[in-house]
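Asker: So the protein lines, in turn, are chains A and B. Per my numbering, residue 20 is the first one in the first sequence, and the count goes up by one each step. Per my numbering, residue 2 is the first one in the second sequence, and the count goes up by one each step. Sending over a structure as structure tokens; questions will come in a sec.
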Amino acid sequence: AQSVTQPDIHITVSEGASLELRCNYSYGATPYLFWYVQSPGQGLQLLLKYFSGDTLVQGIKGFEAEFKRSQSSFNLRKPSVHWSDAAEYFCAVVPFSGSARQLTFGSGTQLTVLP
Amino acid sequence: GAGVSQTPSNKVTEKGKYVELRCDPISGHTALYWYRQSLGQGPEFLIYFQGTGAADDSGLPNDRFFAVRPEGSVSTLKIQRTERGDSAVYLCASSPRRGGTDTQYFGPGTRLTVL
Chain A
20 AQSVTQPDIH ITVSEGASLE LRCNYSYGAT PYLFWYVQSP GQGLQLLLKY FSGDTLVQGI
80 KGFEAEFKRS QSSFNLRKPS VHWSDAAEYF CAVVPFSGSA RQLTFGSGTQ LTVLP
Chain B
2 GAGVSQTPSN KVTEKGKYVE LRCDPISGHT ALYWYRQSLG QGPEFLIYFQ GTGAADDSGL
62 PNDRFFAVRP EGSVSTLKIQ RTERGDSAVY LCASSPRRGG TDTQYFGPGT RLTVL
């Protein structure tokens, strides 16, 4: 079955440390890949997206993600985390083929940043 | 410019009542999506409009849920005979076109509580 998996429910890092959030997908063909962030009381905001081409994608707020076809993964990274990065992060996909246009989300990773 | 807006921000109702949730998309966006987010979960797709018509309503859980977009702009999600299990945050998103690569812009959501 088609699915998006975020294995880590909750991650805690210290401010200034590096961050990697994992995302794996299970689709017949590589889907379109997205990372969204959701802060308390805020709507979902797009961090970055990948459709094709360079497998390292740069996004907003200093985030980047790397697409690895062999691992069916699209992990989100940031070299140095800021306290304001504390939020919930969602990986999402849109299938490459077919008529579906809606996003299918993973269950999210809650990020806590320690001072 | 103005983003996606949703009203009300919070709605408390009693089991069995009827509710309407409103979404104002970004001006000019032709595609509009409704998602539902339960506590601790990622958003789940409900219905997608392209213009005035529902292009995909496969995510609506049952016939108590209905949505309209009569003029191709504002959309209303309608829930009849509400049940406690309908309690969730209902998110609306819009995008400029209908392509799978389009960024979906999300509103802040309506938190529905069914007592």
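Backbone N, C-alpha and C define an ideal beta-carbon position, used for all residues, glycine too.
Could you work out which residue in B/108, B/72 and B/35 is closest to residue 78 of chain B when comparing CA atoms only?
Answerer: Among B/108, B/72 and B/35, the Cα nearest to that of residue 78 of chain B belongs to B/35.
Asker: Would you mind working out which of B/111, B/51 and B/61 sits nearest residue 95 of chain B, comparing C-alpha positions?
Answerer: Looking at the Cα atoms, B/51 is the closest of the given residues.
Asker: If you compare alpha carbons, which of A/83, A/28 and A/24 is closest to residue 106 of chain A?
Answerer: Ranking A/83, A/28 and A/24 by Cα distance to residue 106 of chain A puts A/28 first.
Asker: Are the beta-carbon atoms of residue 41 of chain A and residue 92 of chain A separated by less than 8 Å?
Answerer: Yes, the pair counts as a contact, with Cβ atoms nearer than the cut-off.
Asker: Counting only beta-carbon separations shorter than 8 Å, does residue 87 of chain B have a partner in chain A?
Answerer: Closer than 8 Å: no.
Asker: In chain order, what residues of the same chain have a beta carbon less than 6 Å from the beta carbon of residue 81 of chain A, not counting five sequence neighbours either side?
Answerer: Taken in chain order, the residues that qualify are 97.
Asker: Enumerate in chain order the residues of its own chain whose CB-to-CB distance from residue 65 of chain B is below 7 Å, with the five nearest sequence positions on each side excluded.
Answerer: The residues are 80, 81 and 82.
Asker: Do residue 23 of chain A and residue 108 of chain A have their C-beta atoms within less than 8 Å of each other?
Answerer: Result no, Cβ atoms of residue 23 of chain A and residue 108 of chain A do not sit closer than 8 Å.
Asker: Whose C-beta lies closer than 8 Å to the C-beta of residue 115 of chain A among residues of the same chain, with five residues either side of it excluded?
Answerer: Within the same chain, residue 115 of chain A has close Cβ partners 46, 48, 49, 50 and 51.
Asker: Name, in chain order, the residues that DSSP records as bridge partners for residue 89 of chain A.
Answerer: BP columns for residue 89 of chain A are empty, so no partner.
Asker: Is residue 64 of chain B near the ligand MN, in the sense that its beta carbon is under 7 Å from a heavy atom of that ligand?
Answerer: The ligand MN is absent from the structure shown, which contains no ligands of any kind.
Asker: Does the distance from the C-beta atom of residue 61 of chain A to that of residue 9 of chain B stay below 8 Å?
Answerer: In this structure, residue 9 of chain B does not lie closer than 8 Å to residue 61 of chain A by Cβ.
Asker: Run down chain A in chain order and give the residues with a C-beta less than 7 Å from the C-beta of residue 105 of chain B.
Answerer: Those within 7 Å of residue 105 of chain B in chain A are 122.
Asker: Can you list, in chain order, the residues of its chain with a C-beta nearer than 6 Å to that of residue 17 of chain B? Leave out the 5 residues immediately preceding and following it.
Answerer: These residues qualify, in order along the chain: 82.
Asker: Going straight from the alpha carbon of residue 49 of chain B to that of residue 60 of chain B, what length do you get?
Answerer: Answer to the nearest angstrom: the Cα atoms are 9 Å apart.
Asker: When we look at the beta-carbon of residue 128 of chain A and count the other beta-carbons within 10 Å, is it buried (16 or more) or exposed?
Answerer: Residue 128 of chain A is buried by the Cβ-count criterion.
Asker: Identify each residue in the stretch 39 to 70 of chain A for which the Cβ-Cβ distance to at least one residue of chain B is less than 9 Å, and report them in chain order.
Answerer: From the stretch 39 to 70 of chain A, only 50, 51, 53, 55, 57, 60, 61, 62, 63, 64, 65, 68 and 70 have a Cβ closer than 9 Å to chain B.
Asker: Buried or exposed, going by whether 16 or more other CB atoms sit within 10 Å of the CB of residue 106 of chain B?
Answerer: Buried, by the Cβ-count rule.
Asker: Identify the contact partners of residue 42 of chain B in chain A, using a Cβ-Cβ distance below 9 Å as the criterion.
Answerer: 124, 126 and 127, listed in chain order.
Asker: Within 10 angstroms of the Cβ of residue 59 of chain A, are there 16 or more other Cβ atoms? Answer buried if so, exposed if not.
Answerer: Answer is exposed; the Cβ neighbour count stays below 16.
Asker: Give the interface partners of residue 109 of chain B over in chain A, defined as CB-CB distance under 9 Å, in chain order.
Answerer: Here the neighbours are 60, 61 and 62.
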